[in-house]
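*Asks:*
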Amino acid sequence: MKFLSTILILAFAFSATAQDVSLALQKRKLPDAETINQDWNKTAGGLNISFANSNARFAREVPPIGSIQNTWNAKAWKGEKIHTQLLLWTNAKKSNISIQFSDLKDNKGNLLKKEYITSGFVKYVITDEFRDGCGYRKPADFDSSYVADLIDTKTLSINLEVKNTQPVWLSIKVPGDTKAGNYTGTVKLKGEKEYNLTINVEVLDKTLPAPSQWKYDLDLWQHPAAIARAHQVKLWSDEHFALMKPYYTMLASAGQKTITASIVNEPWGHQTYDDYPSLIKWTKEKDGTWVYDYSLFDKYITFVMTTGINQRINCYSMVPWKIAFSYWDEAAQKEAVFTDAIGTPEYNAFWNTMLADFTRHLKEKNWFSKTYIAMDERPMKAMQAVIKLLKSVDPNWKIALAGEYHQEIEADIDNYCIASKWEFPTDILQKRNRDGKISTWYTCCTEPYPNAFSFSSPAEQVWMGWYTANKNMDGYLRWAYNSWTKNPLTDTRFTAWPAGDTYQVYPGPLSSVRFEKLIEGGQDFEKIRQLRLLYVKNKNTVALNELNNALESFEIKTLSKITADEMLQGVKPLLNK
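Sequential numbering from 384 applies to the sequence shown in the working numbering.
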């Protein structure tokens, strides 16, 4: 395996822009070991500390460059979560370094309490490279490296090794009832001696609603079986449900709106490391009648709703990646598989019986109006056959599709998520908005940028929120939230697709730089939406035009010429005037 010393995207200056992977892979010039060693020898003795750009990834074995930043100056809306990084580096071993915060206080005595400030040591995991994107891969064929991504909030102190750089992720969640004003406090690092750095936060007199009220429509697909495997508990046990709760609560706090529900076994043809079992048990009895056990489906849906994810239930799928529907054959006393093609009389009969019963059950549970039959990247002809069947069972069935844009079926898709290479026609999008239909977009293994791989620039996740606002869409979708690899805490590479493609958070649950930046992008979308409404209401055409003109630059092709971080630095101040 080709294995580079550290992340290929190198370390960046504290206040400089972080190169997006799209440009860094073209521009990079890796320092050799001798150069790195010389840079360390030039490093000041003792523990070096500086605030740093949260959009940058810093190499572990390369000393950072740039001027020391002893103060973090930030602006925030009430209800907003803001981030920075704190860099620690040394040319001598340092032991038991811990971090503490003071309350932040304004000149009137109001407090932004330290309980709302969190820190986590950013851990290094193995990543690879984009190369051809989609397709199965062998690790030996791809350059692999270490990248700072996992945010470890559970480790209270660290031992910093000789000639190592250690990023620390700092977040402040400003409560919605905070008084507007300028708040000042300190972050204290304790080791062989104490170091104090200053935090200044200007809380503006503007408020973000709670994530459950965001218009930004985030949809990261959940994988419950992966949580059971990672924590070594029995699938669907009480322990499993208890362990799932913090994962789903964390996802709800990012603005997640949709429950991912599997109604057949392996709706994606077992592309994941872990099994993806059905929440519904299908049984064909000896007399040929069908029985459907919804007890697990009901328990799971009810559970997820308690975590705050409760607007939609997307059921996967009538059109899986492999047409093979397993069920229990009572007469044969074994698992059987139905494989007849979509649109055939046999397929229609197989699904018609289930859909009629499922419709009845959902209406009894009062869930029918929020339930969608969902498909992922399925051909138009297959979609047309399924739409016809669904509407014959009940014309009020809702349909979700993530895939190519097809004008022929657009009107039938209530929740339409198109691949990044597509755009909704302006008139169609306006009509969908008027009709209350959901229109989003997604990225996957196809796009080198913008994306959410473990080697992607963190700024790209924020950039996505601005792109969504520019295109007047509702949100962003990505598989998957937590379809973990074999060893997800150390190695984000998978047997197929670029590293990090299958998950955004780590077992724990532990967040990631990518996930935190995804939240920031959703917040920016909400800010943009609120400011547009405010400027229209106040007839402030100058500010409205300035914001709209800034948004127009957010086109995917632009990222081949300028980094996401550089773009964001130019427009972010517009949200905090």
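Each residue gets a CB set at the ideal place from its N, CA and C atoms; glycine is no exception. Just so it is clear, the structure is predicted and the values come from calculations on it, not from any experiment.
Would P871 and R440 be called neighbours here (beta carbons separated by less than 8 Å)?
*Replies:* Against a cut-off of 8 Å, the Cβ pair of R440 and P871 comes out as no contact.
*Asks:* Hey, out of P892, M758, L553, D723, whose CA is closest to I696's CA?
*Replies:* Considering only alpha carbons, the answer is M758.
*Asks:* Pick out whichever of K425, Y755, K900, M847 has its Cα sitting closest to the Cα of I642.
*Replies:* Comparing Cα-Cα distances from I642 to each of K425, Y755, K900, M847, the minimum goes to Y755.
*Asks:* Start and end of the alpha helix (DSSP H) containing Y850?
*Replies:* Start and end: 842-853.
*Asks:* Roughly how many angstroms lie between the CA atoms of Q615 and L626, to the nearest whole one?
*Replies:* Going from the Cα of Q615 to the Cα of L626 covers about 11 Å.
*Asks:* Evaluate D948 with the Cβ neighbour count: other Cβ atoms within 10 Å of its Cβ, from every protein chain shown; 16 or more gives buried, anything less gives exposed.
*Replies:* By the neighbour-count rule (16 or more Cβ atoms within 10 Å), D948 is buried.
*Asks:* Fully enclosed by the stretch 640-689, which alpha helix (DSSP H) runs are 4 residues long or longer?
*Replies:* Segments of the alpha helix (DSSP H) lying fully in the stretch 640-689: 678-689.
*Asks:* Rounded to a whole number of angstroms, what is the C-alpha to C-alpha distance between S485 and T878?
*Replies:* Distance between the alpha carbons of S485 and T878: 45 Å.
*Asks:* Spell out a yes or no on whether the stretch 560-578 and the stretch 603-615 are touching, meaning 3 or more CB-CB pairs, one atom from each, closer than 8 Å.
*Replies:* Judged by Cβ distances under 8 Å, the stretch 560-578 makes no contact with the stretch 603-615, as fewer than three pairs qualify.
*Asks:* Between the Cα of D535 and those of R514, I509, S502, V557, spot the shortest distance and give me the residue it belongs to.
*Replies:* Minimum Cα distance to D535 is reached at S502.
*Asks:* For T946, name the three-state secondary structure that DSSP assigns.
*Replies:* Looking at T946 - three-state DSSP - the assignment turns out to be coil, as it is neither helix nor strand.
*Asks:* With a threshold of 8 Å, are at least 3 pairs of Cβ atoms found where one atom belongs to the stretch 883-898 and the other to the stretch 663-683?
*Replies:* No, they do not touch.
*Asks:* With three or more C-beta pairs closer than 8 Å as the rule, is the stretch 455-473 touching the stretch 425-444?
*Replies:* Verdict: yes, contact present.
*Asks:* Return helix, strand or coil for N565, following the three-state DSSP convention.
*Replies:* Strand.
*Asks:* In chain order, which continuous runs of the alpha helix (DSSP H) of length 4 or greater are located wholly inside the stretch 744-813?
*Replies:* DSSP runs (the alpha helix (DSSP H)) wholly in the stretch 744-813: 763-776.
*Asks:* Write down the C-beta distance between S554 and E843 rounded to the nearest angstrom, noting that I regard them as a contact closer than 8 Å.
*Replies:* Contact flag wrong, Cβ pair sits at about 19 Å.
*Asks:* Does the Cβ of P833 have 16 or more other Cβ atoms within 10 Å, making it buried, or fewer, making it exposed?
*Replies:* Buried, because 16 or more other Cβ atoms sit within 10 Å of the Cβ of P833.
*Asks:* On the three-state DSSP scale, how would you describe I500?
*Replies:* Correct three-state label for I500: strand.
*Asks:* Tell me whether T727 sits in a helix, a strand or coil according to DSSP, three-state version.
*Replies:* Coil.
*Asks:* Counting C-beta neighbours from all protein chains within 10 Å, is the total for C517 16 or more, i.e. buried, or is it exposed?
*Replies:* Exposed, because fewer than 16 other Cβ atoms sit within 10 Å of the Cβ of C517.
*Asks:* V508 and V551 look like a contact to me (Cβ under 8 Å); what is the Cβ gap, rounded to whole Å?
*Replies:* The pair is not a contact, with the Cβ atoms about 16 Å apart (cut-off 8 Å).
*Asks:* Please give me, in chain order, every unbroken run of the beta strand (DSSP E) with length at least 3 that falls completely inside the stretch 430-462.
*Replies:* Those beta strand (DSSP E) runs which fall completely within the stretch 430-462 and span 3+ residues are 430-435, 454-461.
*Asks:* Quick check: T742 and D777, are their CB atoms within less than 8 Å of each other?
*Replies:* Yes, the Cβ-Cβ distance between T742 and D777 is below 8 Å.
*Asks:* What span of residues does the alpha helix (DSSP H) with H623 cover, start to end?
*Replies:* 621-635 is the span of the alpha helix (DSSP H), which, as asked, contains H623.
*Asks:* Tell me which same chain residues have a C-beta within less than 8 Å of the C-beta of E791, skipping the five on either side of it?
*Replies:* Correct list, in chain order: M763, Q767.
*Asks:* For K598, which of N474, I939, I911 has the nearest alpha-carbon?
*Replies:* The shortest Cα separation from K598 among N474, I939, I911 belongs to I911.
*Asks:* Have a look at W734, Y529, Y519 and flag the residue whose alpha-carbon is nearest the alpha-carbon of E444.
*Replies:* Among W734, Y529, Y519, the Cα nearest to that of E444 is on Y529.
*Asks:* What's the C-alpha gap between A714 and D670?
*Replies:* Computed Cα separation, rounded: 8 Å.
*Asks:* Whose CA, out of D489, L533, L539, lies closest to the CA of Q483?
*Replies:* It is L539 whose Cα lies nearest to the Cα of Q483.
*Asks:* Report back the beta-carbon spacing between G471 and I500 to the nearest angstrom; my notes put them in contact at under 8 Å.
*Replies:* In the sequence under discussion, the amino acid at residue 471 is Leu, which differs from the Gly named in the question. Not a contact, Cβ separation roughly 17 Å.
*Asks:* So for W472, helix, strand or coil by DSSP?
*Replies:* Note: W472 maps to strand in three-state DSSP.
*Asks:* Measure the alpha-carbon distance for S943 versus P831 and round it to whole angstroms.
*Replies:* Near 10 Å, if we compare the C-alpha coordinates of P831 and S943.
*Asks:* Three Cβ pairs or more, each shorter than 8 Å: is that satisfied between the stretch 670-684 and the stretch 630-639?
*Replies:* Touching, no, given that fewer than three Cβ pairs across the two stretches are closer than 8 Å.
*Asks:* DSSP on K425, reduced to helix/strand/coil?
*Replies:* The answer is helix: DSSP assigns K425 an H, G or I state.
*Asks:* Measure how close the beta-carbons of Q694 and K753 come, nearest whole angstrom, since I'm counting them as under 8 Å.
*Replies:* Right, the Cβ-Cβ distance comes to about 6 Å (below 8 Å), so this counts as a contact.
*Asks:* Going straight from the alpha carbon of A442 to that of N547, what length do you get?
*Replies:* If you take the alpha carbons of A442 and N547, they lie about 9 Å apart.
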